[in-house]
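Residue numbers (the working numbering): 370 to 513.
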């Protein structure tokens, strides 16, 4: 259940950012193109680092990688919250992408501790946490 809540909280945090990022960027004079780049920066960075997080998870264990991901993600949100300019917003999004390794470590953890006959159920719970977090996060972002 801890892994479920870790993924859920991680995705709530990610989802909160989505509806507010473009308007936030515009406060610093970002064009639509720049705001779009800001949103996409996370995924572009994540694309390259997820395999590295998987390797690190295999090398050092699941728990340290999940904790590093949570701490790094928290740092990235702090950078976004106090950003004085557009460039710092990009730094925050780059950090968020760099530390987005929780899902891969969580899935590996479930595979490690779940008997083979229950692994699909365990992975399904990760999917539920992902979905619920990504539903609730944007709602909080819009209302907040």
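Note that CB positions come from ideal geometry on N, CA and C, so glycine has one too.
It should be emphasised that the depicted structure is a prediction, and the values quoted were computed from it without experimental measurement.
Checklist entry - From what residue to what residue does the alpha helix (DSSP H) around residue 384 run? => result 371-396
Checklist entry - In terms of alpha-carbon separation, which member of 422, 479, 495 and 453 lies closest to residue 469? => result 422
Checklist entry - Helix, strand or coil: how does DSSP classify residue 570 here? => result Residue numbering for the chain in the displayed model covers 370 to 513; residue 570 lies beyond these limits and cannot be assessed.
Next on the checklist: As an exercise, report each continuous alpha helix (DSSP H) stretch of at least 4 residues that is fully enclosed by the region 414-498, in chain order.
Outcome noted: 431-451, 455-467 and 471-482
Item to check | CB-CB length for residue 504 against residue 388, believed under 8 Å | outcome: With a Cβ gap of about 12 Å, residue 504 and residue 388 do not count as contacting.
Item to check | 7 Å CB neighbourhood of residue 467 in its chain, flanking five on each side removed | outcome: 414, 418 and 441
Next on the checklist: Output needed for residue 478: all residues of its chain with C-beta closer than 6 Å, excluding positions within five of it in sequence on either side, in chain order.
Outcome noted: 372 and 431
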